[in-house]
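Protein chains in written order, with the working numbering: chain Z, 37 to 318; chain R, 2 to 123; chain E, -1 to 653. The beta carbon of each residue, even a glycine, is placed where N, CA and C say it ideally should be. Contents: one structure, followed by commentary.
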Amino acid sequence: MTSQAATGAIDHHHDHTTSTGIPNKKLLMWAFLASDCMFFGTLISTHLIYRLHPPAGNPVPRQIFDIPLTSFSTFILLMSSLMMALAVNAIQKGNLKSMRFSLLTTILFGAIFLGCQVFEFNNFVFEHHMTITNSILGTTFFTLTGTHGTHVAIGVLWLGLMYVRSYKSATGEGLWLTTALHVVALVAAVLLSMKLVLSVVWGLQAHGFSGATLAGVASAQWLVIVGALIAYSALRWFARPAGPVQFDQSNAVDVESMGLYWHFVDIVWIVIFTAVYLLEYL
Amino acid sequence: MSDSSHSPAAGHAAEESKFAAYVQIAMLLAVITGVEIAVIGLPFAKWLLVSVLVVLSAVKFMFVIFYFMHLRWDKVFCTILFFIGLILAGGTMWALLQLFSTENSVPLSVAVNTLADLSRLG
Amino acid sequence: MDATVKSHFIGKEDKAPAKPSFVLWRPSAKTGLMSWLTTVDHKKIGFLYGSFALFFFLVGGVEALLIRLQLMHPNNTLLTAQQYNTLFTMHGTTMIFLAVMPLGAAFFNFIMPLQIGARDVAFPRLNAFSLWTFVAGAIILNIGWFLPDGAPDAGWFGYAPLTSKLYNPTHATDFWILGLQLLGVASIAAALNFIVTIINLRAPGMTMMRLPVFTWMTLITSFLIILSFPAITIALVEVMFDRQFGTNFFEVSNGGMPILWQHLFWIFGHPEVYILILPAMGIVSEILPTFSRKPLFGYPIVVFSGASIGFLGFTVWSHHMFTTGMGTVATKAFALATMAIAVPTGVKIFNWIGTLWGGHLKMRTPMMFALGFIWMFMIGGFSGVMHSAAPADAQQQDSYFVVAHFHYVLIGGSIFALLGGIHYWFPLMFGRRVSEFWGKLSFWVIFTGFNITFFPMHFLGLNGMPRRTFTYDGNMGWSTANFIATIGALILGVGIAIYFSVVIYTYFKGEKAGEDTWDGRTLEWSIPSPVPEYNFAVIPTVHARDAFWYEKHHQDEIAKEKAEHHQAEASHGGIHMPFQSIYPLVASIGILIAAIGITAFDSNSAPGIHWKLGLALTGGTIMFLGIYLWALEGAEGYHLHLDDDGHDASSQPKH
């Protein structure tokens, strides 16, 4: 086994230890994505097939869909892809700080996308009375977009774990406890923020924009606010300048493989946005 | 798409400009999305609009896989590998939609409803 | 101890040594139960795959015998209709997913890395995860035998709406759905691993067009798996949602279309039959040249035929559905594609005959099975081409003619080749050789029994006997043929019994086989038997398609080359071996617990412990922890240093 590190700088597009020069992890991810194409291809087909012959009483999609909201979440997901690409670019140059910032923004955008989806689903179920069981449109729509949302959620979790991984201490002090608490803090920060933002949005929707509304939400959600503040402080504390870490250019392939997954989730949404949403308006 | 992976030193300038390229592509993707949303309101034939939407989505798709996912700079085998899946999935989707578009595939309940509507109109 | 320097997997030797890591527990047992549960060695994993597969092969065989005994006489009452449904469902599902596929996977695991000159697969721990998830799926699929709900009974194809809550209210169908889902996860994970291994871990000089045909077929099969299983994953998710959450995918009253299940199932199901037969074709393509003393005739054509079969396999699924009324255009298109797929298959047959032609044939047991394969598979192929004519198929659909057809391709094809493969590689795997007399006897009994069982079914089918009916009247004219078929099945059972007794006897007491028993052509025969943990003391350099034959004829050149490589590797730290790991097993156990929770319990149970949700969440958490710890412990390993004789110079590595 020749050592790629021995040649000095790492060539991120060529791995001398493999027959083709493609790193194993990257090849695995591309093969998996080829497989996932069939996965989403079949699922999108199901939706489109049932769209061809709607039964009597099926909801009409264009009366339900909210294109401004979906366009916003599409834009957000595209931006998250940009940040992901920048994160990979950063770690390939060994710029750890920049990579962490890009990862956090990717997580943020991913969480916003998920929040939009929660909002959208909530709206469809309670305002438009379309559930996963009461119509074939609800069945295929929620299953398809829900499966995509699950992919996004897994991606956000993966991004978070990678972010935490980038703090792995080179000296090995308190590895287990710190890592576990760091993960918990990050997950809590994301979930509590989503909860808070959604509460504010729903509050504003119900009572209009006013100081009283915001105060009402704040008093109802004070536990969430306190929890989120604790989680953010913990994240800030974990991100303090500390000793050397075991995370450098040689981990770029890990970040890149994760990035491939994230971008794939994005291109699936590009297809869903056109095939599921826009198509209904023609 | 060529597999002439440049050496790190030679490609340094290119690496620097990647940042700008990524940002520009992201802006382009956002603009295309905007165009797509605008297109659905245009008063043209449906087939034309569908074709425009499909082409625009495909352009977005290709930008993401070739730039954000680095296929452009990677070994060509990655592209082949992914396109095997993509083409098979696309072909299967196309075949399924064709199969279910034919008259023979209209579910009986829907066909009966359509007949009922027709007779009511008649 | 001192010889095993701890280091990172690839290219980190010049970094600071002994980095602190997240390792909770590093198992190091080389013998005993723990060594098997934590193994990442592709040979041990292959052996386990094979053992489980053979066990389920026998289970499926017993199920088949019960079916045949029930059909021995008209109006027989050995089984009830319900028991019969369960048996044909489980016989089909078991044979396909728990016997033939994992037996193929056993050979992929054991043989393929040896054929390409690799020390292991690309992701050893993922390989272990595939194995244990396969076991979890097998448990879920069969758990119904021991529960009041019973085993699945809706057919191996599980046609909607037969799988709906309305027609199948018990959990039996849930076991089937989730069992298959887990087997799909295991298969996809394994296939991804094999693809990366074959593409990336080839020894120097092993170009793609020098790969042994068995490895080529492994690659193509793996591609079929990763591209076809997602379709059934989605289909199973849909039917699972229908049953668990009340969605409408196949619920006609709300606009669902049960025909969609058939399409999704066969989009998977047709490539699946090539997943079952391509490994067999690979094995036969290894056995025939070895015992004909000739290189494979038309190697590139055999490879490209395999690839075109793989591709065309995705374009023919609707020929299973000619009688559903898809419209003339679709029917014609799928009929033509089906006829087209016979071409590359026929090409392969001619290449095998070309390999035999003018060769110095050595009629050993593996060769007998390979020759049996060619003949029997041809018969199955002929009846297959008959099905491609849609009007004829309309007559044959759901009749015993179809049963005869696919048993000729699956037993006469896949099973014959796999049984031959066991004989062929047995000396390599266990250092012992099956006795020629008993091996050939088992072949002839199996061959005879198989033909007596299934040949009459052609006539039964054309005379109108339908599949999946638990009995028939005496005045239909089917009694004699059914009686003969049952006698044949018993003979086949005796043949299989002889085969397995002999193999098990040989494992313990058989004649010791020397290295390279058959004068093999491919790299796996260049290493001692039983195969050392590190496979190759020195990674070989490949100069020709039949790499080992070349080595035998150029011994000086090869010896010089090996000495150089040995030195180069020693200066790089010796042979790298991956650490064992428990986490793949942990992740699979988590999946198993969650699957039991989802399948075996009702959601709206009485107050108290909510078993369904509780077990699902517990299992999910265990799975997540398993995967996370697996990721954190990293793909690290240790180094072995061999002395000049190729023996391990160090004591067993410990940590």
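Query, Result
"Alpha carbon of LEU426 of chain E to alpha carbon of ILE525 of chain E, nearest angstrom", "9 angstroms"
"Coarse secondary structure for HIS637 of chain E, derived from DSSP in three states", "strand"
"Residue from E:ASP600, E:SER128, E:MET99, E:ASN73 with nearest C-alpha to ILE43 of chain E", "E:SER128"
"GLY472 of chain E burial status per 10 Å Cβ neighbour count (16 or more: buried)", "exposed"
"Extent of the continuous beta strand (DSSP E) to which ILE537 of chain E belongs", "First-last for ILE537 of chain E: undefined, no H or E at that position."
"Alpha helix (DSSP H) runs wholly inside the region 27 to 102 of chain E, at least 4 long, in chain order", "30 to 35, 40 to 68, 79 to 91"
"Cβ of ASN246 of chain E within 7 angstroms of any chain Z Cβ", "yes"
"Backbone CA spacing between MET70 of chain E and PHE453 of chain E [nearest angstrom]", "15 angstroms"
"Environment of LYS510 of chain E [buried if 16+ CB atoms lie within 10 Å]", "exposed"
"Coil, strand or helix - PRO146 of chain E by DSSP", "coil"
"Run of the alpha helix (DSSP H) containing HIS405 of chain E, from where it starts to where it stops", "398 to 407"
"Same chain, Cβ closer than 7 angstroms to LEU315 of chain Z, neighbours up to 5 away in sequence not counted", "none"
"Interface flag, LEU54 of chain R vs chain Z, CB-CB below 7 angstroms", "yes"
"Neighbour-count burial assignment, ARG543 of chain E, 16 or more Cβ in a 10 Å radius", "buried"
"Extent of the continuous alpha helix (DSSP H) run through HIS268 of chain E", "256 to 290"
"LEU310 of chain E: contacting residues in chain R (beta-carbon distance under 9 angstroms)", "Neighbours of LEU310 of chain E on chain R: none; closest Cβ ~12 angstroms, over 9 angstroms."
"Completely contained alpha helix (DSSP H) runs for the region 468 to 525 of chain E, where each covers 4 or more residues", "477 to 507"
"Test item: CB-CB of ALA233 of chain E and LEU274 of chain E under 7 angstroms", "no"
"Reduced DSSP category for ILE85 of chain R - H, G, I as helix; E, B as strand; rest coil", "helix"
"Contact check, LEU82 of chain R vs TRP66 of chain Z, beta carbons under 7 angstroms", "yes"
"Among E:GLY419, E:SER220, E:THR161, E:ALA333, the one whose alpha carbon lies nearest that of ILE285 of chain E", "E:GLY419"
"Chain R within 7 angstroms of MET207 of chain E, Cβ atoms only", "no"
"Residue of E:LEU176, E:MET238, E:ILE197, E:MET206 minimising C-alpha distance to THR179 of chain Z", "E:MET238"
"Span separating the alpha-carbon of VAL327 of chain E from that of LEU613 of chain E", "49 angstroms"
"Assigned secondary structure, ILE137 of chain E (DSSP; H/G/I helix, E/B strand, else coil)", "helix"
"Same chain, Cβ closer than 6 angstroms to MET93 of chain E, five either side skipped, listed in chain order", "GLY58"
"Same chain, Cβ closer than 7 angstroms to ALA229 of chain E, neighbours up to 5 away in sequence not counted", "LEU262, ILE265, PHE266"
"Whole-number beta carbon distance between ASN198 of chain E and ASN60 of chain Z, since they are thought to touch under 8 angstroms", "6 angstroms"
"N-terminal and C-terminal residue of the alpha helix (DSSP H) that ILE307 of chain E is part of", "297 to 310"
"Short CB-CB distance (under 7 angstroms) between MET74 of chain Z and chain E", "yes"
"Spatial neighbours of LEU627 of chain E in its chain, beta-carbon cut-off 8 angstroms, leaving aside the 5 residues before and after", "PHE20, LEU22, TYR581, VAL584"
"7 angstroms Cβ cutoff met for LEU132 of chain Z and TYR199 of chain Z", "no"
"Collapsed DSSP secondary structure at ARG87 of chain Z in the structure displayed", "helix"
"Closer than 7 angstroms to chain Z by CB, VAL60 of chain R", "no"
"Assigned secondary structure, ARG431 of chain E (DSSP; H/G/I helix, E/B strand, else coil)", "strand"
"Close-in-space but distant-in-sequence residues of the same chain around THR43 of chain Z (CB under 7 angstroms, 5 per side omitted)", "With a pLDDT of 39 at THR43 of chain Z, under the threshold of 50, the modelled position of that residue is not reliable, and no figure is offered here."
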